[in-house]
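Visitor: Mapping of the sequence shown onto our numbering: position 70 corresponds to residue 57, and the numbering continues sequentially without gaps.
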Amino acid sequence: MQFTVTDAPARERFEARDEASAVAGFVTYQLTGSIIAYTHTEVDPAYEGRGVGSTLARAVMDDARSKGRIVVPICPFLADWLVKHPEYEGIVVRSTRKIK
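(1) Quick one: is I22 buried, meaning 16 or more other Cβ sit within 10 Å of its Cβ, or exposed?
(2) Would you please state the rounded distance, in angstroms, between the beta carbons of T(-9) and R0? I believe it to be under 8 Å.
(3) If we call anything under 8 Å between Cβ atoms a contact, is A11 one with V47?
(4) Only counting the same chain, and skipping five residues up and downstream in sequence, which positions put a Cβ closer than 6 Å to that of I61?
(5) Measuring alpha carbon to alpha carbon, tell me which residue in E74, D49, E35 is nearest M(-12).
(6) Y75 and R52 - do their beta-carbons sit closer together than 8 Å?
(7) Given this structure, state the Cα-to-Cα distance separating H72 from R81, to the nearest angstrom.
(8) How long is the line joining the alpha carbons of F64 and L43, rounded to whole angstroms?
(9) List the residues that DSSP assigns as beta-bridge partners of L18.
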């Protein structure tokens, strides 16, 4: 099964849709200037095990890289996925600090 990932900026999320245009999963984000924080990944249970999460992860990271953005991976799924995909290290922020 093929999935198409598109940005839905009004909803602050990227959506993966199947061939029938049903939403199979999504990644939510917060965008501030050139910094994008990916906050949550969710896959519809009917699509689990079909690669939707990985398809979304690659799509959002490729989008960030193509737009020159810095990624803050708040979502645990995406953070774990990035450990296995070091090709994105150059655009990922791995730690944060508090500002007083």
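We put the beta carbon where it would ideally sit given N, CA and C, even for glycine.
Bear in mind that the values here come from a model prediction, so they are computed numbers and not experimental data.
Guide: Short version:
(1) exposed
(2) Not quite, the Cβ-Cβ distance comes to about 14 Å (not below 8 Å), so this is no contact.
(3) no
(4) A24, T26
(5) E35
(6) Taking the C-beta atoms as reference points, Y75 is found nearer than 8 Å to R52.
(7) 14 Å
(8) Distance between the alpha carbons of F64 and L43 is about 11 Å.
(9) I23
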